[in-house]
Amino acid sequence: MVKALFDTCILIDYLNGIEDAKHEFQLYEDKAISVITWMEVMVGTTEETEALTKQWLESAFMVIGVNQRVSEAAVTYRKEKRVKLPDAIIYSSSKCSDRLLVTRNTKDFKGDDPMVRVPYEIKPHIQ
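Once you know that position 97 of the sequence shown is 97 in the UniProt record's numbering, the rest is easy, because the numbers rise by one and skip nothing.
Right, dumping it as structure tokens:
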């Protein structure tokens, strides 16, 4: 069984009703998020949605905190790849917990990495 760690963009897509994100969640029984993703999603809640969103996050996902191992891996990854620290922590959280990182952030995470899955892209609307 493949264990997955979902990046923030996939959770936001799910909350916005994107079918590809909903489908992606169904593929994995063992789902996790980084505490960074938990914070990024919670910051976007309103007073009306905060409690329900928190309940969903904590019941649907294992929340992986930042320990010394994740911290050291994030520092190394950030130095090597020159990504923002939150992205380095998310990547390192997946790596240190032996999970596939599910994201559509191809700027910071390359699809040719065997530990990264980019399941779909969202095309921008041209008006």
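Virtual Cβ for every residue (Gly too), placed ideally from N, Cα, C.
Note that the region 85-96 touches the region 33-43; at least 3 beta-carbon pairs, one per stretch, sit closer than 8 angstroms. The Cβ-Cβ distance between Ala74 and Leu85 falls below 9 angstroms.
Between Asp20 and Ala4, the C-beta gap is not smaller than 9 angstroms, which leaves the two residues out of contact.
Here Thr49 is exposed: its Cβ has fewer than 16 other Cβ atoms, across all protein chains shown, within 10 Å.
For the set Trp56, Gln26, Gly17, the Cα lying nearest the Cα of Met1 is the one of Gln26. For the 9 angstroms CB-CB criterion, Met42 and Thr53 form a contact. The shortest C-alpha to C-alpha distance from Ile10 to any of Arg78, Ala51, Leu57, Asp112 is the one to Leu57. Setting aside the 5 residues that flank it on each side, Val83 is surrounded in the same chain by Asp108, each with a C-beta closer than 6 angstroms to its C-beta; the list follows chain order.
Minimum Cα-Cα distance from Ala60 among the listed residues Lys22, Glu80, Arg69, Ser71 corresponds to Lys22. A distance below 9 angstroms separates the beta carbons of Cys96 and Val70.
The C-alpha of Ile18 lies about 11 angstroms from the C-alpha of Tyr120. Restricting attention to alpha helix (DSSP H) runs no shorter than 4 residues, the UniProt domain "PIN" (5-107) encloses them at 8-15, 19-26, 35-43, 50-60, 68-81, 85-96, ordered along the chain. Put simply, of Gly65, Asp13, Val66, Leu101 the residue whose alpha carbon is nearest the alpha carbon of Gly44 is Asp13.
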